[in-house]
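Peer 1: Okay, here's the structure, questions in a sec.
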Amino acid sequence: MEHDIYIRCRNKDRNAQRKLYEEYAGRFFATCKRYLKNDEDAEEVLADSFYLIFTKLEQLKDFQVFDAWAKKIVVNQCLQKLRKKQPFSISIEENFVDLPDSESENVSEERGILSLLNFLPEGCRTIFNLFAMEGYPHKEIAQMLSISEGTSKSQVNFARKKLQEFVKLQTINS
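According to UniProt numbering, the sequence shown holds residues 1 to 174 in order.
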């Protein structure tokens, strides 16, 4: 982000805010979609995130860390939305959505590996996103979600195994 846009956004300049939104909305929406299956929920979280970004921007002292700071807001808003929907629970026994056969829906090339995350149980998908996509360590994930580090580690391993199975199935079905 350019320093000029940052300063103008801090001064509540609507044009600068629109420019910042246009620059980051696509990337942040993709982040929301990794956590939330429903487009409406992802759009709501995106809007809430930008509201927080614009209202708390004066708290950010170094504009060069804006990307990481703003993304953390988006991830936290996603987690908050997940908690509101239902109490956050994790279980390897959770039922995950069956992977569609290749005739009904082609998951492989056009939608990519990230689309396969939607077939994981919500808790497992959330932990995998935090660890593999956002780079949070297990200790921090455990604190964020009020779970043990061991649970975080086991859910990441479970997700990896399931994703490998899904990829293998897609390769066989193609």
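Don't be surprised by glycine CBs; every beta carbon is placed ideally from N, CA and C.
1. Does the Cβ of A68 have 16 or more other Cβ atoms within 10 Å, making it buried, or fewer, making it exposed?
2. In chain order, what residues of the same chain lie with their CB nearer than 7 Å to the CB of C9, ignoring the 5 residues before and after it?
3. Determine, using beta carbons only, whether Q77 and D48 come nearer to each other than 9 Å.
4. Just to confirm my understanding: we take M133, look at its own chain, exclude 5 residues before and 5 after, and list those with CB closer than 7 Å. What are they?
5. Alpha helix (DSSP H) containing Y21: first to last residue?
6. Please name the residue in F158, K71, F28, K139 whose C-alpha comes closest to that of G123.
7. For a minimum of 4 consecutive residues, which ranges assigned as the alpha helix (DSSP H) are wholly contained in the stretch 124-154?
8. What would DSSP say about E58, mapped onto helix, strand or coil?
9. Please report the Cβ distance between F66 and L46, rounded to the nearest whole angstrom; I am assuming they are in contact, meaning their Cβ atoms lie under 8 Å.
10. Reducing DSSP to helix, strand and coil, say where L116 ends up.
11. For E44, name the three-state secondary structure that DSSP assigns.
12. What does a CB cutoff of less than 7 Å around K139 pick up in its chain, not counting 5 residues either side in sequence?
13. Report all residues from its chain with a CB closer than 8 Å to the CB of Y136; omit the five preceding and five following residues, and keep chain order.
Peer 2: Considering the structure as presented:
1. Counted from its first residue, the sequence shown places residue 68 at position 68. By the 10 Å Cβ count, A68 comes out exposed.
2. Here residue 9 is taken as the residue at index 9 of the sequence shown, counted from 1. Correct list, in chain order: A16, Q17, L20, F54, L57.
3. For the purposes of this step, residue 77 is identified with residue 77 of the sequence shown, where counting begins at 1. For the purposes of this step, residue 48 is identified with residue 48 of the sequence shown, where counting begins at 1. Cβ atoms of Q77 and D48: closer than 9 Å.
4. Position 133 of the sequence shown, counting from 1, holds the residue named residue 133. Excluding five sequence positions before and after M133, the CB atoms of its chain that fall closer than 7 Å to its own CB belong to R34, given in chain order.
5. For this step, residue 21 is matched to residue 21 along the sequence shown. Counting along the chain, Y21 sits inside the alpha helix (DSSP H) bounded by residues 14-35.
6. The residue given as residue 123 occupies position 123 in the sequence shown. Nearest option by C-alpha distance: F158.
7. Counting whole runs of 4 or more residues, the stretch 124-154 contains the alpha helix (DSSP H) stretches 138-145.
8. In the sequence shown, the residue the question calls residue 58 occupies position 58. Note: E58 maps to helix in three-state DSSP.
9. Counted from its first residue, the sequence shown places residue 66 at position 66. Counted from its first residue, the sequence shown places residue 46 at position 46. Between L46 and F66 the Cβ distance is about 17 Å, and since that is not below 8 Å, they are no contact.
10. Here residue 116 is taken as the residue at index 116 of the sequence shown, counted from 1. Here L116 sits in helix by DSSP.
11. By 1-based counting over the sequence shown, the position of residue 44 is 44. Helix at E44.
12. Within the sequence shown, the letter at position 139 stands for residue 139. These residues qualify, in order along the chain: E149.
13. On the sequence shown, residue 136 is found 136 positions in, with the first residue counted as 1. Closer than 8 Å at Cβ, skipping near neighbours: L130, M144.
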